[in-house]
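Student: This is the structure I want to talk about, given as structure tokens.
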Amino acid sequence: MMDVTLFIQAMLVGILCYLGAIETPWAFGITGGFYILGRPLVAGFLIGLIFGDIQAGVLCGLAVQAVFIANLSTGGATNSEITYAGYGGIGLAMATTKDPAIAVTLAVLIGQTFGLIFYNTRMALYSFWNTRAQKAAENLDTRGIALNHLYYPAISTFFFRAVPVWLAIFYGKGAVNWMLNNVPQVITDIISVLGGVLPALGIALLMSIIVKEKIQLIFFFAGFVLLAFAKLSMISLVFLAALVAYIVYLSIGKPQAATTANTNVSDDFVEDDDLF
Amino acid sequence: MKNGVISMKEKETKRISENGKEGLTKKELRQIWLRWGFTHLASMSYEKLQSHAWAYSFIPFAEKYYKNDPEAKRRLLTRHSLFYNTEPQTGALINGIVTSMEEEIALGKKVPESMPVNIKTSLMGPLAGLGDSIIQGIIVPTLLSIAMGLANGGNPLGPIFYIISFGIIGPLVSYLCFKYGYRLGVNAVDIVTGENAKRITDSFNVLGIMIVGGLAASYITLATPIKIPMGDEVKPLQDVLDGIFPKVLPLSMVLLSWWLISAKQMTATKVILILTAICTLGVIIGIF
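Note that the protein sequences, when read in sequence, are chains A and B. Yeah, the first sequence ends on 1171 if you go by the numbering used here, and it's all consecutive. Yeah, the second sequence ends on 290 if you go by the numbering used here, and it's all consecutive.
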């Protein structure tokens, strides 16, 4: 009987892993999927509900989320597979020890290995659906576009996302216990140190997008120092950073505004505030 | 930009017109937005990413305007199956602009059919940069760090706060971007690529860079267990480091990764391998 419960729990976690994946459309694209259901903090909460222990679930989610805070996906390239990591790692931990440290170790392991392998395989294979959708467009087959852009990929994604996580949690209990007993301490130490360091990569990827000149690193250090030295909270940093950004906005100065009338300046202001 | 606003208002009143065809209704516009909003990455691959979401979102449009003109319909569907990738939520601005342009083409106005394609390829890059730094660099990490504070001790309030807050902000950003893009049409291009937009983008970048600095100080844990002799007693090296420069080890890891990515052009996977090697070595010789 116990196994039936675990079977259903594992299945539900697998389905959530599918719904929270970056390529799943059903939760309003990446808005409700990747960015909400896909976040480990949310995953921990939902897995906690499934396993009937919300507190333990949230604690596992919290620990895993810290590692994946700067998870990044640009141009399809990702630094770690956050959805497999979150649902696989937290799900397996909740099915076994409910220990947040185990959840982190498993999440890092799954995210960096199986997760990235499954993700990259799927990304390569889906050119198949793309080619068919392209042909459908050329042949005016609108039904074919819908099938090959939405329905067939959605179905095959289910097999890439839900099924492996479902099976991993259902059959993984023994493997996790074996790992806890047999893997040498030094390996688990390395994984836990790596888990602490990995956010550096996500942060570096973010920097590579937004730092355009080396001199702008001064803003990075300012933000760093306000938290590391002055011990401010993230929210207070947001307001200070907004202030600095506004000062920068004023200081860049209005191009070609020197010769034209001053009245235009305030008009442009209002319009652009609307835009963003 | 003043002219832009005026012609925008004129255009709205003239949308029902010329070759006897009617403009898009509110319902049809919403349908295009929803089709994009749900399926932007549905058939994502390295080769095409968001390409086919465009063709899919224009299917009802094609049925409405090109039912009896298979050649025009084919041109519409194929020009919206080309490579495309941007930040899908802020990128809805481009969907709005292009929808208004396709509508003008369908209504028989003098807009070349190459225009929507040019707009897409020239705007997807800038909006991806802006959108990624706003969504992935500012909004998501900030909301998550608030939520993580609330979740301390296993409190479900944290995740619930995040679900509700991003659940409102995400769709709202996407909707407003689409709406403004459609309303401004081709004028939006001037606004997005213009000088003042660059000022705003640069300022947002500064905001993003500062927050990323804060993230670097908050979410990387790396400490050394080494103890060093200080006179008579033995003191943990980490305490000494914290006294001089708190979080210096996490900072060095971020700067190393950033240098590898930006100066050495390494891929994320390579950097992961290097970080793994450093951690492995560090644990084995006992410095981490």
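Beta carbons: idealized from backbone N, C-alpha and C, even for Gly.
Listed from N- to C-terminal order along the chain, which residues in the stretch 1009 to 1039 of chain A have their beta-carbon within a distance smaller than 7 angstroms of any beta-carbon of chain B?
Tutor: Answer in chain order: M1018, A1019, Y1021, S1022, W1024, N1025, A1028, Q1029, A1032, E1033, L1035 and T1037.
Student: So with Cβ pairs under 7 angstroms, would you call M1074(A) a contact of chain B?
Tutor: Here residue 1074(A) refers to the residue found at position 179 of the first sequence. It does not: the Cβ of M1074(A) has no partner Cβ on chain B nearer than 7 angstroms.
Student: By the 10 Å Cβ neighbour count, where 16 or more other Cβ atoms means buried, how is S47(B) classified, buried or exposed?
Tutor: On the second sequence, position 45 is the one that residue 47(B) refers to. So S47(B) counts as buried.
Student: Give the secondary structure of L1093(A) by DSSP, where H, G and I count as helix, E and B as strand, and everything else as coil.
Tutor: Here residue 1093(A) is taken as the residue at index 198 of the first sequence, counted from 1. L1093(A): coil per DSSP, three-state reduction.
Student: G215(B) to Y221(B), Cα distance in whole Å?
Tutor: Translated into positions along the second sequence, residue 215(B) becomes position 213. Translated into positions along the second sequence, residue 221(B) becomes position 219. Their Cα atoms are separated by approximately 11 angstroms.
Student: Measure the Cβ-Cβ separation of V113(B) and E106(B) and say whether it is below 7 angstroms.
Tutor: As a working mapping, residue 113(B) is identified with position 111 in the second sequence. As a working mapping, residue 106(B) is identified with position 104 in the second sequence. Their beta carbons are under 7 angstroms apart, which means V113(B) touches E106(B) by this criterion.
Student: Short of 8 angstroms in beta carbon distance, which residues of its chain neighbour S254(B), apart from the five on each side in sequence? Order them along the chain.
Tutor: Looking up residue 254(B) in the second sequence gives position 252. Taken in chain order, the list of residues that qualify is empty.
Student: L132(B) and I925(A) look like a contact to me (Cβ under 8 angstroms); what is the Cβ gap, rounded to whole Å?
Tutor: On the second sequence, position 130 is the one that residue 132(B) refers to. On the first sequence, position 30 is the one that residue 925(A) refers to. Not quite, the Cβ-Cβ distance comes to about 16 angstroms (not below 8 angstroms), so this is no contact.
Student: Using the Cα positions of L936(A) and I136(B), report the straight-line distance between them to the nearest angstrom.
Tutor: The residue labelled residue 936(A) in the question sits at position 41 within the first sequence. The residue labelled residue 136(B) in the question sits at position 134 within the second sequence. Cα to Cα, L936(A) sits roughly 21 angstroms from I136(B).
Student: Using 8 angstroms for Cβ pairs, my map puts L277(B) next to L1089(A). What's the rounded Cβ distance?
Tutor: As a first step, residue 277(B) must be located in the second sequence, where it is residue number 275. As a first step, residue 1089(A) must be located in the first sequence, where it is residue number 194. That pair is a contact at about 7 angstroms.
Student: Give the residues of chain B in contact with I1085(A), contact being defined as C-beta atoms less than 7 angstroms apart.
Tutor: Stepping through the first sequence from its first residue, residue 1085(A) is reached at position 190. In chain order: C281, T282 and V285.
Student: Can you look up S147(B) in the DSSP assignment and give me helix, strand or coil?
Tutor: What you label residue 147(B) is simply residue 145 of the second sequence in a count that begins at 1. Reduced to three states, the DSSP call for S147(B) is helix.
Student: Excluding the five sequence neighbours on either side, which residues of its own chain have a C-beta within less than 6 angstroms of the C-beta of T1155(A), listed in chain order?
Tutor: Your numbering for residue 1155(A) matches position 260 in the first sequence. The predicted model places T1155(A) with a pLDDT of 45, which falls under 50 and marks its position as unreliable, so this point remains unresolved.
Student: Name the chain B residues that come within less than 9 angstroms of N1043(A), Cβ to Cβ?
Tutor: Looking up residue 1043(A) in the first sequence gives position 148. The answer, in chain order, is S45 and H54.
Student: Quick one: using the 10 Å Cβ neighbour count with 16 as the cut-off for buried, is V1160(A) buried or exposed?
Tutor: On the first sequence, position 265 is the one that residue 1160(A) refers to. With a pLDDT of only 43 at V1160(A), under 50, the local geometry of the prediction cannot be trusted, and no value is derived from it.
Student: Is it a yes or a no for the stretch 144 to 161 of chain B touching the stretch 110 to 129 of chain B, going by three-plus beta-carbon pairs under 8 angstroms?
Tutor: Because the criterion of three Cβ pairs below 8 angstroms is not met, the stretch 144 to 161 of chain B and the stretch 110 to 129 of chain B do not touch.
Student: Determine, for G1118(A), whether the minimum Cβ-Cβ distance to residues of chain B falls below 7 angstroms.
Tutor: On the first sequence, residue 1118(A) is found 223 positions in, with the first residue counted as 1. Answer yes: the Cβ-Cβ gap between G1118(A) and chain B drops below 7 angstroms somewhere.
Student: Give the DSSP-derived three-state secondary structure of M906(A) in the structure shown.
Tutor: Stepping through the first sequence from its first residue, residue 906(A) is reached at position 11. Note: M906(A) maps to helix in three-state DSSP.
Student: Which term fits K266(B), buried or exposed, when burial requires 16 or more other beta carbons within 10 angstroms of its beta carbon?
Tutor: As a first step, residue 266(B) is located in the second sequence; it is residue number 264 there, counting from the start. K266(B) is exposed by the Cβ-count criterion.
Student: When Cβ atoms are compared, which residues of the stretch 107 to 139 of chain B fall closer than 8 angstroms to chain A?
Tutor: Those residues of the stretch 107 to 139 of chain B that come within reach of chain A (Cβ to Cβ, closer than 8 angstroms) are A130, G131, D134, S135, I137, Q138 and G139.
Student: Looking at the unbroken alpha helix (DSSP H) that takes in I1113(A), where does it start and where does it end?
Tutor: If you number the first sequence from 1, residue 1113(A) lands on position 218. Unbroken alpha helix (DSSP H) run through I1113(A): L1112 to A1123.
Student: Which whole runs of the alpha helix (DSSP H) in the stretch 918 to 982 of chain A are 4 residues long or more, in chain order?
Tutor: Complete alpha helix (DSSP H) runs here, min 4: 924 to 927, 935 to 946 and 949 to 962.
Student: From T973(A), N1072(A) and G952(A), pick the residue whose C-alpha is nearest to that of G1015(A); which is it?
Tutor: Within the first sequence, residue 1015(A) is the residue found at index 120, counting from 1. Gly is not the amino acid found at residue 1015(A); the sequence shown has Asn there. It is T973(A) whose Cα lies nearest to the Cα of N1015(A).
Student: Let me see if you follow: with CB-CB separation under 7 angstroms, is F180(B) close to chain A or not?
Tutor: Along the second sequence, read from residue 1 onward, the residue named residue 180(B) stands at position 178. No, no contact with chain A.
Student: Would you identify the three-state DSSP class for P238(B), choosing helix, strand or coil?
Tutor: Within the second sequence, residue 238(B) is the residue found at index 236, counting from 1. Of the three classes helix, strand and coil, the one that applies to P238(B) here is strand, per DSSP.
Student: Report the rounded CA-to-CA distance for L901(A) versus F1054(A), giving the unit in angstroms.
Tutor: As a working note, residue 901(A) is residue 6 in the first sequence. As a working note, residue 1054(A) is residue 159 in the first sequence. Approximately 19 angstroms, taken between the alpha carbons.
Student: For N1043(A), is the classification buried or exposed, using 16 other Cβ atoms within 10 angstroms of its Cβ as the cut-off for buried?
Tutor: Taking the first sequence and counting its residues from 1, the one referred to as residue 1043(A) is at position 148. The residue is buried, with at least 16 neighbouring Cβ atoms inside 10 Å.
Student: Which residues in chain A sit within 9 angstroms of K249(B), going by Cβ to Cβ distance?
Tutor: As a position in the second sequence, residue 249(B) is number 247, starting the count at 1. By Cβ distance, chain A contributes F1119, L1122, A1123 and F1124.
Student: For W35(B), count the other beta carbons within 10 Å of its own beta carbon; 16 or more makes it buried, fewer makes it exposed. Which is it?
Tutor: By one-based count along the second sequence, residue 35(B) stands at place 33. By the neighbour-count rule (16 or more Cβ atoms within 10 Å), W35(B) is buried.
Student: Cutting at 8 angstroms between CB atoms, please list the residues of its own chain near M1102(A), excluding the five before and the five after it.
Tutor: For the purposes of this step, residue 1102(A) is taken as residue 207 along the first sequence, with counting starting at 1. So the list reads F1115, once near-sequence residues are dropped.
Student: To the nearest angstrom, report how far apart L224(B) and T271(B) are at their CA atoms.
Tutor: On the second sequence, residue 224(B) is found 222 positions in, with the first residue counted as 1. On the second sequence, residue 271(B) is found 269 positions in, with the first residue counted as 1. One C-alpha to the other measures close to 21 angstroms.
Student: By DSSP, does P231(B) sit in helix, in strand, or in coil?
Tutor: On the second sequence, position 229 is the one that residue 231(B) refers to. In this structure, P231(B) counts as strand in the three-state DSSP scheme.
Student: What's the call for V1003(A), buried or exposed, on a 16-neighbour Cβ count within 10 Å?
Tutor: Within the first sequence, the letter at position 108 stands for residue 1003(A). Per the 10 Å Cβ criterion, buried.
Student: In three-state DSSP terms, what is L1100(A)?
Tutor: Walking along the first sequence from the start, residue 1100(A) turns up at place 205. Of the three classes helix, strand and coil, the one that applies to L1100(A) here is helix, per DSSP.
Student: Closer than 7 angstroms, CB to CB, is M989(A) near chain B or not?
Tutor: Residue numbering aside, residue 989(A) sits at position 94 when the first sequence is read from its first letter. For M989(A), the answer is no, since every Cβ of chain B falls outside 7 angstroms of its Cβ.
Student: Is there a Cβ from chain A that is less than 7 angstroms from the Cβ of K50(B)?
Tutor: As a position in the second sequence, residue 50(B) is number 48, starting the count at 1. It does: the Cβ of K50(B) has a partner Cβ on chain A nearer than 7 angstroms.
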